[in-house]
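A.B. asks: Numbering (full-length UniProt numbering), first residue to last: 1 to 118.
Before I ask anything, let me first share the structure, which is written out below as structure tokens.
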Amino acid sequence: MRRIITGMLTDAGLVTAEAGHGREALDLLEAHGVGPDGFELICIDWNMPVMDGLELVGHIRRRREWRALTMMMITSESEHSQVVRALAAGAHEYLVKPFTAEQLREKIALLGLVEVRS
Numbered sequence: 001m002r003r004i005i006t007g008m009l010t011d012a013g014l015v016t017a018e019a020g021h022g023r024e025a026l027d028l029l030e031a032h033g034v035g036p037d038g039f040e041l042i043c044i045d046w047n048m049p050v051m052d053g054l055e056l057v058g059h060i061r062r063r064r065e066w067r068a069l070t071m072m073m074i075t076s077e078s079e080h081s082q083v084v085r086a087l088a089a090g091a092h093e094y095l096v097k098p099f100t101a102e103q104l105r106e107k108i109a110l111l112g113l114v115e116v117r118s
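As structure tokens, then:
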């Protein structure tokens, strides 16, 4: 699924990198930073080995230099309480699997990261 999402994001015009779990994602953020010269969006699955998505969101929010990073949870966790927890922790958007490429594009357009196609 991660490769499919990466392909969809690439098709939407975004430059991507993949991490297998939350700790790898933190390592990528450390190496490349956040902002125009680093990462501007991170797509996070709730269920990951080593460090789950909610914990990753918390780690990112605690780092002042990463607070501008846009975070979107993309997960099969669809209960309202989980959506609320993710957004309260600092995620900006939440997308439930399965979804279409158009639904993903609409979410990243809402976040201001791509233009909406007519």
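Even glycine gets a Cβ: it sits at the ideal position worked out from N, Cα and C.
When we look at the beta-carbon of V34 and count the other beta-carbons within 10 Å, is it buried (16 or more) or exposed?
C.D. replies: Buried is the call here.
A.B. asks: Among the residues of its own chain, which have a CB less than 7 angstroms from the CB of residue 121, if the five just before and after it don't count?
C.D. replies: Shown here, the chain extends from 1 to 118; a query on residue 121 therefore has no answer.
A.B. asks: With the cut-off set at 9 angstroms, would you say T70 and L26 are in Cβ contact?
C.D. replies: Going by C-beta atoms, T70 is not nearer than 9 angstroms to L26.
A.B. asks: Could I get the ranges of all uninterrupted alpha helix (DSSP H) runs contained in the UniProt domain "Response regulatory" (1 to 112), with 4 residues as the minimum, in chain order?
C.D. replies: For the UniProt domain "Response regulatory" (1 to 112), whole alpha helix (DSSP H) runs of length 4 or above, ordered along the chain, are 2 to 11, 22 to 32, 53 to 62, 80 to 89, 101 to 110.
A.B. asks: Kindly list the residues whose CB is nearer than 8 angstroms to the CB of H59, restricted to its own chain and excluding five residues on each side of it in sequence; keep chain order.
C.D. replies: Contacts found: G22, L26, M51.
A.B. asks: For S118, count neighbouring C-beta atoms within 10 Å of its own C-beta (all shown protein chains included) and say buried if the count is 16 or more, exposed if not.
C.D. replies: Confidence in S118 is poor, its pLDDT being 48 and thus under 50, which makes the residue's placement too unreliable to answer from.
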